[in-house]
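Worksheet: the structure to be examined is printed underneath.
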């Protein structure tokens, strides 16, 4: 090889590395923008609207569309990844099916905006979250700010509570204070009790691998109190406790085995997919609320949220059992922009909601995801798989966007091509797992 050719090859590799670094900065920036917007959704909507700057709300979505283009270039065009190519084509097909189902162009636009955050997460494929220090630092700060927002909202009523705003011509209202079983649900800066609890949970989960045991144990009761007693998000509170218990279990093992234990836990968490199915078989038509009033919402999910959408799809679009009813069906685009609003049912489960939209092909995709998780070496992604599989048992996680983004990040390694040698799979990363150092073998 001539010196000129070698120099040209070096410049080409340098340009590729710069492009990859730019792509990583884009997706990390998009995650920060979404987290910042959703964690402060109430305050952001209120002050941006009264200052006539409501368009700023869509800045994270614009960056997410850049991430979609990055995903298409990086994996579909540059790497010619068959799964990435098929995913993009099927998303376009599902957008069309959704437009037909919703029968409103605004529903199609809303569905496109709805699905964009998952591509932000997908773009983390082949990239370890620990390498983006400013992202983790920002999430760490959100942990304290989210706690502050919940505590503060227990003392005063923020001005954005009950405030109305418009999205694509549809009027929406920031969540009001409401009560369940005598408990007041507070929303903090997020103007939504579920999302306020979610940000305390997810920021704790993303921060704990970088912190020692003292920090994890010391802040656990504070986080649990804010989630369980102020936001009253039982799902997030239960997930937090399960995550902490998993962290303690991992610490019981010798350092050389901890990563394998974490990966085994992450793989086992996919069993949560079958929990709604088992509950529907065992408890459909019963009265769990007679046992405890706190089980009323679970009974409602069993009898309505998880079953009625399939009843309605059989009536409205039988073909949907093969193709799915398209992006946006039985999701907030249908609630806001559809002539089928009378058939809208909130689907409080990520896997059921996604299966309704995409159809049986989603099962194939999830099989590939499980196989990819078995190869994943990023402890943050493995931890998020465990946490989100538990959390989404009773949460759809499509809106606000940060929930879907984290799911995309956790599943992102599905687009990474399997290594040629199995020995490369079995080497754990030289980093901590569940806040515990792990040594490479």
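In this note's numbering, the protein residues as written are 903 to 1343. All C-beta atoms, glycine included, are put in the ideal place defined by N, C-alpha and C.
Mapping the DSSP letters down to three states, classify residue i as helix, strand or coil.
i	result
residue 1419	Nothing in the structure corresponds to residue 1419, since the chain is present only between 903 and 1343.
residue 1084	Any reading at residue 1084 is ruled out, since the residue's pLDDT is 45, under 50, leaving its predicted position unreliable.
residue 1283	helix
residue 1317	helix
residue 1156	coil
residue 962	helix
residue 1061	coil
residue 1149	helix
residue 912	With a pLDDT of only 40 at residue 912, under 50, the local geometry of the prediction cannot be trusted, and no value is derived from it.
residue 1115	helix
residue 989	helix
residue 1049	helix
residue 954	coil
residue 1015	helix
residue 927	helix
residue 1193	coil
residue 1162	helix
residue 1242	coil
residue 1206	helix
residue 1237	helix
residue 1303	helix
residue 935	helix
residue 969	helix
residue 1105	helix
residue 1296	coil
residue 1076	Here the model assigns residue 1076 a pLDDT of 47, short of 50, so the residue's position is not dependable and the matter cannot be decided.
residue 1008	helix
residue 1170	helix
residue 1201	helix
residue 1219	coil
residue 1330	Bear in mind that a pLDDT of 49 at residue 1330, under 50, signals an unreliable position, so the model cannot answer this.
residue 1249	coil
Nearest by alpha-carbon distance to residue i: which of the options is it?
i	options	result
residue 1247	1267, 1229, 1222 and 1209	1209
residue 932	1234, 961, 956 and 946	961
residue 1319	1311, 1192, 1270 and 1240	1270
residue 1257	1272, 1181 and 1228	1228
residue 1166	1013, 1277 and 995	1277
residue 1216	1003, 942 and 998	1003
residue 1135	1169, 1097 and 965	1097
residue 1001	1312, 1235, 1268 and 1289	1235
residue 1294	966, 1155, 1021 and 1103	1103
residue 1132	1311, 997, 1112 and 1058	1058
residue 1255	1122, 1241, 1212 and 1219	1212
residue 1062	1310, 1178 and 948	948
residue 1021	1202, 1184, 976 and 1203	976
residue 1060	1267, 946, 1218 and 1201	946
residue 1267	1219, 989 and 995	989
For the ligand COA, is there a heavy atom less than 6 Å away from the beta-carbon of residue i?
i	result
residue 985	In the structure shown, the ligand COA is absent, as is every other ligand, since no ligand is present at all.
Contact check, residue i vs residue j under 8 Å by CB: the rounded distance?
i	j	result
residue 986	residue 1317	5 Å
residue 963	residue 1015	5 Å
residue 1307	residue 936	6 Å
residue 968	residue 928	6 Å
residue 1239	residue 1006	5 Å
residue 1207	residue 1249	6 Å
residue 1158	residue 1152	With 8 Å as the limit, residue 1158 and residue 1152 do not qualify as a contact, their Cβ atoms being about 12 Å apart.
residue 1178	residue 1285	About 23 Å separates the two Cβ atoms, so there is no contact after all.
residue 997	residue 1013	6 Å
residue 1251	residue 1188	Not really, about 19 Å apart at Cβ, beyond 8 Å.
Are the CB atoms of residue j and residue i within a distance shorter than 7 Å?
i	j	result
residue 1205	residue 1030	no
residue 1230	residue 1009	yes
residue 944	residue 950	no
residue 1099	residue 1138	yes
residue 1299	residue 1305	yes
residue 973	residue 1026	no
residue 1040	residue 1118	no
residue 1245	residue 1214	yes
residue 1272	residue 1287	no
residue 1292	residue 1144	yes
residue 1105	residue 1044	yes
residue 1303	residue 1283	no
residue 966	residue 1018	yes
residue 1146	residue 1116	no
residue 1265	residue 1290	no
residue 1168	residue 1101	no
Check the Cβ-Cβ distances between residue i and every residue of chain C, and say whether any is below 7 Å.
i	result
residue 1062	In the structure shown, chain C cannot be found, because there is only a single protein chain.
Query raised in the report: Can we say the stretch 1121–1140 touches the stretch 965–982, given the rule of at least three CB pairs closer than 8 Å?
Result: no
Query raised in the report: Counting Cβ pairs closer than 8 Å, one from the stretch 1046–1056 and one from the stretch 1090–1107, do we hit at least three?
Result: Segment contact: the stretch 1046–1056 against the stretch 1090–1107, three or more CB-CB distances shorter than 8 Å; contact assigned.
Query raised in the report: Between the stretch 1213–1226 and the stretch 1253–1265, do three or more beta carbon pairs fall short of 8 Å?
Result: yes
Query - At least three beta-carbon pairs within less than 8 Å, the stretch 1163–1183 to the stretch 1191–1198 - result: no
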